[in-house]
Amino acid sequence: MQTTYIETQQISFKDFKNSILEDYRLGRISREMSYLGRREVLTGKAKFGIFGDGKELPQLAMAKVFRNGDFRSGYYRDQTFALAIDAVSVESFFAQLYADTSVEREPASAGRQMNGHYATRSLNADGSWKNLTEQKNISSDISPTAGQMPRLLGLAQASKVYKSVKFEGSEKFSKDGNEVAFGTIGDASTAEGHFWETLNAACALQVPMIVSIWDDGYGISVPTQNQRAKADISEMLSGFQRKADEKQGCEIIQVKAWDYPALMEAYAKAEHYARYESVPVVIHVTEVTQPQGHSTSGSHERYKNEERLKWESEFDGMLKFREWILDYSIEIEGNEEYLASVEELDAIDSESKKLVKDGQKKAWEAYQKTISDLKNEVLPFVESIKNQNIEVSQLIENFNKIISKSKRDIFHLVRQSLLVTRTQNSAERTALKSKYEEIFKIEKDNYSSHLYSQSEWKATNVKEIKPIYSDASEEVDGRVVVRNNFDKIFAKYPQALVFGEDAGNIGDVNQGLEGLQEKYGEVRIADTGIREATILGQGIGMAMRGLKPIAEIQYLDYILYCLQGMSDDLATVQYRTKGGQKAPVIIRTRGHRLEGVWHSGSPMAGILNLSKGINILVPRSLMKAAGFYNTMLQSDEPAVIVECLNGYRLKEKQPDNLGEFTIPVGKIEVTKEGKDVTLVTYGSTWRIVSEAANELEKLGISAEVIDVQSLIPFDLTNEIAESVKKTNRLVVIDEDVEGGTSAFILQQILEKQKAFKYLDSEPLTISAENHRPAFASDGDYFSKPSADDMVEKIYAMFTEINPEKYPAIY
Ligand SMILES: Cc1ncc(C[n+]2csc(CCOP(=O)(O)OP(=O)(O)O)c2C)c(N)n1
Ligand SMILES: [Mg+2]
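Note that the sequence shown covers residues 1 to 810 in full-length UniProt numbering.
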């Protein structure tokens, strides 16, 4: 709707005037959306509402300098901005308020997100990239406050990378790296670590990023002075201010939210620093108001005193804008020119109100229509069996009494009708059943699609290419295999880059990237500060802009620092946009078995449970890890690849087709065949399980050893159940806590793969102690399952069956 920034001195007064009045109109429309939105919630038509009233002017100013190819990573207050860049319309705004599940009507999230969570669609329906340089982009908002910040860093950094990195198709993502990433955050959310971490990293990296702080003085009810060290965030930030001739730090601009011309100037200046000098900028927008309070869940009269409320009504941005427009006059060629009269502004006000009302009505009617259409489609099928069963008539009667019918009511009617007629068999009931299956499939797609990619590039579609070995294949340290494979990767994919603590200069702490910075440069093989949350954020943002980032988290134990972002942001990207955006980041980390409370961890269940939406890969060797990198680089899904910390110095045979061979996700490997018991494991524990299996062999127990390799997705072809069918006994062994990943594996095998019926003995899990291992030597032996533990516990299974053949050890 809005044109880009027009410098007043270069345009005619007429254009200047039109641009101001267009802003006024957009501001009014946005304000009416806030007013009506709140009413829609309070009258019960929508569930919850959070709006951008009071924040209109700075967002209009931000939109003026926001160009095609730029990205925003912000939060729920930005409806005026979204409206100004055409990322939301009145109708789609209300469609989201009603949580309409249609992608066409609610393109930001298809009803998956609360209102105020904006997103543009980066992908075509088939999951392929659109040309992002031809549109204005919003990376999908998330609710955890400040959670948008780490991603913002990556979005900004991508521009810097694109200044030197080019590849076939890169023109879809960047025009020579000239794009700016715009962030928005509330004043109270600046108390979060993510805010400071991001700003610090941006100031170190010198990326084109503009962060706007909407400072309305409150975080819900808590006033600013109770949130931070100083009430004035600009004062706190002053240490970040860059000094002349230093390539560090940022620019800080303070501006009032109701001062339209000052805002225009502030954003124009900020754009200059960020876009042309690659200097990050913070715009601290002060004196922001909240005319309707925080959200529909409360009333701000409860915590703001009368004086504050009075001030807020006087300094309402839209009111001040109106006053400024009416006061404005300029003499041009002897004539006094004005922007608008009271009547003209009043006319805009009433037009805007009407436009919003019309849009809301359309959105409501379309939303209601989907429900009534569903009802009309299904009801005849239910009615067709009512003569066969009196209970169905009763169910229909009850259903008809419901005044405002929801999808759930319709489904309940259908499912209850099928339940009460379960003993009947008629053509009508069969028809109802197939109708139910048909509508269920549609709602499954509406509510549960796109946790993983549904495109041709989904991880499970990547073709398996087996590693090739020849007489010439060398036995080398594991770290050499992964290093040489990375060498091939960076040669093959110019869009691939890796970054993390010590990843650059020394080529990572285990030298899996040794020498690669010299070869591929500091942009692609980079060191970072110690800041896992924003290392991940770099990955997410850059992946959203078409790069193939490998975000290195130095040790698995420290992944918890970025687990929030993995869980809230990365894992939900495709789901929360219903396939509108993707972020195929590879998280490279290393862990499992060693000693010491923070250098031995294998907190896989924590990761597993919080990261559904991300592939979780646990290779037992560096060759397998290398193969997973090769697989995931061909996919459009994110993954965590956990390398075995104790594997780097173990000898492995290096495949001849490095950079080419792939290890399929969701595929197990039987590494030792056996007939008496199936031992299921993964990662570093696999070697110990294999040792135990050899011991068991000597005791007359033939154990089959299975390496899961890929926890998510898990054994897609049910091969483990096949093994259990043969052995009739199952033991799951890992070094996570009890009831952790082993419980997940057991559930998958027994419940999903239906292996319970094959069991002749109770299934067994062998896991670690519930505390982390001591650093004292042999901490791992005493805290994690040892081969001795495994042999004894598995042997005991056989003692129970046949004590004569397998006499008890203890
Ligand atoms: C991590 C996290 N904690 C708490 C909340 C609940 N919450 C939602 S908005 C909000 C206040 C945010 O205030 P501020 O950042 O100043 O933004 P404003 O709403 O004032 O624009 C809180 C505490 C949340 N969404 N995320
Ligand atoms: Mg606030």
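For each residue, glycine too, the CB sits at the ideal point set by N, CA and C. Quick caveat: nothing in here was measured; it's all calculated off a predicted structure.
Assumed close pair residue i, residue j - CB separation to whole angstroms, cut-off 8 Å
{"i": "M790", "j": "I688", "result": "7 Å"}
{"i": "Y436", "j": "L418", "result": "7 Å"}
{"i": "G239", "j": "L57", "result": "Not really, about 29 Å apart at Cβ, beyond 8 Å."}
{"i": "I641", "j": "L617", "result": "5 Å"}
{"i": "L536", "j": "I587", "result": "7 Å"}
{"i": "A721", "j": "Q747", "result": "About 13 Å; that fails the 8 Å criterion."}
{"i": "G69", "j": "L132", "result": "6 Å"}
{"i": "K578", "j": "S449", "result": "6 Å"}
{"i": "V737", "j": "A787", "result": "The pair is not a contact, with the Cβ atoms about 20 Å apart (cut-off 8 Å)."}
{"i": "E660", "j": "V482", "result": "Not quite, the Cβ-Cβ distance comes to about 15 Å (not below 8 Å), so this is no contact."}
{"i": "K163", "j": "W129", "result": "With 8 Å as the limit, K163 and W129 do not qualify as a contact, their Cβ atoms being about 20 Å apart."}
{"i": "V680", "j": "V708", "result": "6 Å"}
Backbone secondary structure at residue i - three-state DSSP
{"i": "E437", "result": "helix"}
{"i": "V103", "result": "coil"}
{"i": "A459", "result": "helix"}
{"i": "E331", "result": "strand"}
{"i": "H272", "result": "helix"}
{"i": "I85", "result": "coil"}
{"i": "R121", "result": "coil"}
{"i": "Y303", "result": "coil"}
{"i": "L711", "result": "strand"}
{"i": "A95", "result": "helix"}
{"i": "P549", "result": "strand"}
{"i": "G507", "result": "coil"}
{"i": "D477", "result": "strand"}
{"i": "G219", "result": "strand"}
{"i": "T8", "result": "Here the model assigns T8 a pLDDT of 46, short of 50, so the residue's position is not dependable, and the following value carries that caveat. Here T8 sits in helix by DSSP."}
{"i": "Y24", "result": "helix"}
{"i": "H284", "result": "strand"}
{"i": "Q554", "result": "coil"}
{"i": "V165", "result": "coil"}
{"i": "K172", "result": "helix"}
{"i": "F486", "result": "helix"}
{"i": "W258", "result": "coil"}
{"i": "V342", "result": "helix"}
{"i": "L764", "result": "strand"}
{"i": "E32", "result": "helix"}
{"i": "F48", "result": "coil"}
{"i": "F16", "result": "helix"}
{"i": "Q241", "result": "strand"}
Burial state of residue i, where buried means 16 or more other Cβ atoms lie within 10 Å
{"i": "S777", "result": "exposed"}
{"i": "Y810", "result": "exposed"}
{"i": "P291", "result": "buried"}
{"i": "I430", "result": "The sequence given here has Thr at residue 430, not Ile. T430 comes out exposed."}
{"i": "W214", "result": "buried"}
{"i": "T534", "result": "buried"}
{"i": "K651", "result": "exposed"}
{"i": "T741", "result": "buried"}
{"i": "F775", "result": "exposed"}
{"i": "E7", "result": "The predicted model places E7 with a pLDDT of 47, which falls under 50 and marks its position as unreliable, so this point remains unresolved."}
{"i": "Y520", "result": "buried"}
{"i": "P807", "result": "exposed"}
{"i": "F71", "result": "buried"}
{"i": "F798", "result": "buried"}
Cβ of residue i within 8 Å of any chain D Cβ
{"i": "Y75", "result": "Looking for chain D here will not work: only one protein chain is present."}
- Can at least three beta-carbon pairs, one atom from the region 146-154 and one from the region 97-116, be found at a separation below 8 Å? no
- Message: Below 8 Å, how does it come out for the region 178-185 and the region 232-247: are there three or more Cβ pairs, yes or no?
- Response: no
- Message: Using a Cβ distance threshold of 8 Å, determine whether the region 667-676 contacts the region 610-617, with at least three qualifying pairs required.
- Response: no
- beta strand (DSSP E) runs contained entirely in the region 725-753, provided each spans 3 or more residues: 730-733
- Message: Threshold first: 3 residues or longer. Then list the beta strand (DSSP E) segments lying entirely within the region 673-713, N to C.
- Response: 677-681, 703-707, 710-712
- Message: Just to confirm the assignment: which complete beta strand (DSSP E) runs, minimum length 3, are found wholly within the region 593-681?
- Response: 615-617, 639-644, 651-653, 669-672, 677-681
- Query: Quick check: the region 88-104 against the region 356-364, are there 3 or more CB pairs under 8 Å?
  - Reply: yes
- Item | Contact between the region 161-180 and the region 198-205 (3+ Cβ pairs under 8 Å) | no
- Query: Touching or not, the region 9-28 and the region 325-336, by the rule of three or more beta carbon pairs under 8 Å?
  - Reply: yes
- Message: Which complete alpha helix (DSSP H) runs does the region 396-445 hold, if anything under 4 residues is left out?
- Response: 407-420
- Message: Closer than 8 Å is the cut-off here; do at least three beta carbon pairs connect the region 36-48 with the region 245-261?
- Response: no
- Sufficient close CB pairs (3 or more, under 8 Å) joining the region 564-577 to the region 509-516: no
- Task: For the region 211-230 and the region 183-198, state whether three or more C-beta atom pairs, one from each stretch, are separated by less than 8 Å.
- Result: yes
- Taking 8 Å as the threshold, find out whether the region 591-600 comes into contact with the region 455-472 through three or more Cβ pairs. no
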